[in-house]
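Below is one structure, written out as structure tokens; comments come after it.
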Amino acid sequence: MRQVSSWGRLDAPAHRVIRLTDPERLPEQLRSGPFPGLAYGMGRSYGDVCLNPDNTLWETAGLDHFVAFDDRSGLLVCEAGVLLRDIQRLTLPRGWMLPVTPGTQLVTVGGAIANDVHGKNHHLQGTFGEHVRRLTLVRTDGTTLECGPDQQADWFAATVGGLGLTGVIVRAELQLRRVAGPWLETEALPFENLEAFFSLADHSVAGWEHTVSWIDCMASGHTRGVFMRGRPSAAEGRRRPRTRMLRMPFVPPVSLVNALSLRPFNQLYYLLNTRRRGRTLTHYEPFFYPLDNLLDWNRMYGPRGFYQYQSVVPQDAGLDSTKAMLAEISRAGEGSFLAVLKTFGERAPIGMLSFPQAGATLALDFPNRGERTLALLARLDAIVLEARGRLYAAKDARMPRTLFEAGYPRLPEFLHYRDPGISSGLSRRLLGH
Ligand SMILES: Cc1cc2nc3c(=O)[nH]c(=O)nc-3n(C[C@H](O)[C@H](O)[C@H](O)COP(=O)(O)OP(=O)(O)OC[C@H]3O[C@@H](n4cnc5c(N)ncnc54)[C@H](O)[C@@H]3O)c2cc1C
Numbered sequence: 224m225r226q227v228s229s230w231g232r233l234d235a236p237a238h239r240v241i242r243l244t245d246p247e248r249l250p251e252q253l254r255s256g257p258f259p260g261l262a263y264g265m266g267r268s269y270g271d272v273c274l275n276p277d278n279t280l281w282e283t284a285g286l287d288h289f290v291a292f293d294d295r296s297g298l299l300v301c302e303a304g305v306l307l308r309d310i311q312r313l314t315l316p317r318g319w320m321l322p323v324t325p326g327t328q329l330v331t332v333g334g335a336i337a338n339d340v341h342g343k344n345h346h347l348q349g350t351f352g353e354h355v356r357r358l359t360l361v362r363t364d365g366t367t368l369e370c371g372p373d374q375q376a377d378w379f380a381a382t383v384g385g386l387g388l389t390g391v392i393v394r395a396e397l398q399l400r401r402v403a404g405p406w407l408e409t410e411a412l413p414f415e416n417l418e419a420f421f422s423l424a425d426h427s428v429a430g431w432e433h434t435v436s437w438i439d440c441m442a443s444g445h446t447r448g449v450f451m452r453g454r455p456s457a458a459e460g461r462r463r464p465r466t467r468m469l470r471m472p473f474v475p476p477v478s479l480v481n482a483l484s485l486r487p488f489n490q491l492y493y494l495l496n497t498r499r500r501g502r503t504l505t506h507y508e509p510f511f512y513p514l515d516n517l518l519d520w521n522r523m524y525g526p527r528g529f530y531q532y533q534s535v536v537p538q539d540a541g542l543d544s545t546k547a548m549l550a551e552i553s554r555a556g557e558g559s560f561l562a563v564l565k566t567f568g569e570r571a572p573i574g575m576l577s578f579p580q581a582g583a584t585l586a587l588d589f590p591n592r593g594e595r596t597l598a599l600l601a602r603l604d605a606i607v608l609e610a611r612g613r614l615y616a617a618k619d620a621r622m623p624r625t626l627f628e629a630g631y632p633r634l635p636e637f638l639h640y641r642d643p644g645i646s647s648g649l650s651r652r653l654l655g656h
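Residue 224 is where the sequence shown starts when you use this note's numbering, and the numbers rise one by one after that.
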């Protein structure tokens, strides 16, 4: 047994960890349990979607082989434990990149499919699952299933965004996109209120592929932030500065993220970006994955860890609900170190439980202060529920079942595809088993 935690580090329950390495042996390996089990990628999910306390975790890091790449069509076949970072570093010199990646590239293909992750370009490219052409799923009864958008499409829709509960993804075929190089034309635009944010978002949809905003939750009396946008560029930037990997070397006894540290940090961040306004060429790695060079940054929150809270509410409720949530946070005297606001486009969701829907999505981090934090999150839940929104399971460790059921109307249909030998902390909490 080994203690394993997810990115939020709220706890570190014991697991029986079994490393998967050989796709050929997988059906037999899964069939022999012990049950219930759950696939585990890089543990970059924040809550309990990737944990299976006191039970088995099938670690996929060893399923890390590239199988085929056609550099005329951009079709890549790889095993599910391959990291998105390694795909991009391999294919970029040949003119191809992943069309959709989350805010860290240190995640596996299997994890990206199971949470149907999104990036900063949802309005143009949708979610990760939209670019999966085929996947191989092994069930715990030893059966193997091939599915895709045009083959066993119901299994595909259950597995993309299926939170690892339909089987273990062994291999996937991904359609990459052509790019001129690693550079983006980017622009940072400070804004002074939420109306300005939504106006910038509307105006950027047509000409900018990537949009995202950082919000200063600690500014007194009003909401300000920095709207960042980017689009692929064929221009040659300066040679990419050599990035030094830093590591948060230890877990401090208390959270370093608190009201005292947040206010000056936010102030400084805002001022730096105000000064940097204007267009520039930026390498894709610092633009898309700003925290990937600070290893173990999640330790900053101290031994009790932190909650991440990501909601999406429909477009018509975007402004009012975002205002209401930020007011609630401010009333509670809390702030978030990473407060990210962006908009999702109108795209049909690919998975039965895919998170994105057209509207505004707000992601916040809160140090775990026990009941006080949980009470604030419950008040945010009420705002999301009233706006007919939903929370992102990849970030969740505590949402009530009612909110999950209300936010995901295809849940009853999804349940038919569950693998009875698989369960997670999240599934036991929200689905009863
Ligand atoms: C700094 C940071 C930024 C992030 N930004 C974003 C963002 O912008 N957008 C976004 O959508 N997400 C974002 N995330 C969340 C992250 O992208 C997802 O949680 C992702 O799914 C993690 O992948 P993983 O490989 O670590 O999988 P894990 O966290 O280990 O597992 C995630 C889920 O996938 C399942 N799974 C893993 N491998 C397999 C497999 N082979 N077969 C079946 N199921 C499997 C697990 O059972 C679990 O349910 C961010 C996370 C961090 C830490």
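No residue lacks a Cβ here, since even glycine has one placed at the ideal position from N, Cα and C. Only a predicted model underlies this, so the values are computations on that prediction, with no experimental measurement involved.
Between the C-alpha atoms of Val449 and Asp287 there is a straight-line separation of about 37 Å.
In this structure Ile392 is in contact with Gly333, their Cβ atoms being roughly 5 Å apart against a cut-off of 8 Å. Here the alpha carbon of Arg312 sits roughly 26 Å from the alpha carbon of Trp281.
Taking all protein chains in view, the Cβ of Asp604 is crowded by 16 or more other Cβ atoms within 10 Å, so the residue is classified as buried. For Val300, the closest alpha carbon among the candidates Gly574, Leu399, Pro276 is that of Leu399. The way I'd put it, the region 564 to 575 doesn't touch the region 493 to 508; fewer than three beta-carbon pairs between them come closer than 8 Å. In this structure, DSSP gives Ile645 an extended state, which the three-state scheme calls strand.
The alpha-carbon separation between Phe351 and Ala395 amounts to approximately 12 Å. Around the beta carbon of Arg447, 16 or more other beta carbons sit within 10 angstroms, so the residue counts as buried. Relative to the non-hydrogen atoms of ligand 1, the Cβ of Leu261 comes within a distance shorter than 7 Å of at least one. Taking all protein chains in view, the Cβ of Leu495 is surrounded by fewer than 16 other Cβ atoms within 10 Å, so the residue is classified as exposed. Residue pairing by DSSP places Tyr530 opposite Phe589 in a beta bridge. A direct Cα-Cα distance of roughly 11 Å separates Asp642 from Leu386. If you check the C-beta of Val300 against ligand 1, you find no heavy atom less than 7 Å away.
In this structure Tyr532 touches Lys618 by the C-beta definition: roughly 7 Å separates them, less than 8 Å.
Between Ser296 and the set Leu306, Trp319, Pro276, Asp277, the nearest pair of CA atoms involves Trp319. According to DSSP, residue pairing for Pro537 in a beta bridge involves Gly582.
In this structure, Leu360 sits near Thr389, with a CB-CB distance shorter than 8 Å.
Our two residues, Thr382 and Gln252, have alpha carbons roughly 20 Å apart in a direct line. Sequence-distant partners of His354 (beyond 5 residues in either direction) whose C-beta falls short of 7 Å from its own C-beta, in its chain, are Pro322, Val323, Leu397, Gln398. A distance below 7 Å between beta-carbons, with the five flanking residues on each side excluded, links Leu329 to the following residues of its chain, in chain order: Met265, Arg267, Leu306, Arg308, Asp515. Using a C-beta cut-off of 8 Å, the region 361 to 373 makes no contact with the region 559 to 571, since fewer than three inter-stretch Cβ pairs fall below that distance.
For the pair of segments examined, the region 525 to 541 was found to touch the region 606 to 622: the number of CB pairs separated by less than 8 Å reaches three.
The beta-bridge partner set that DSSP reports for Leu518 consists of Arg470.
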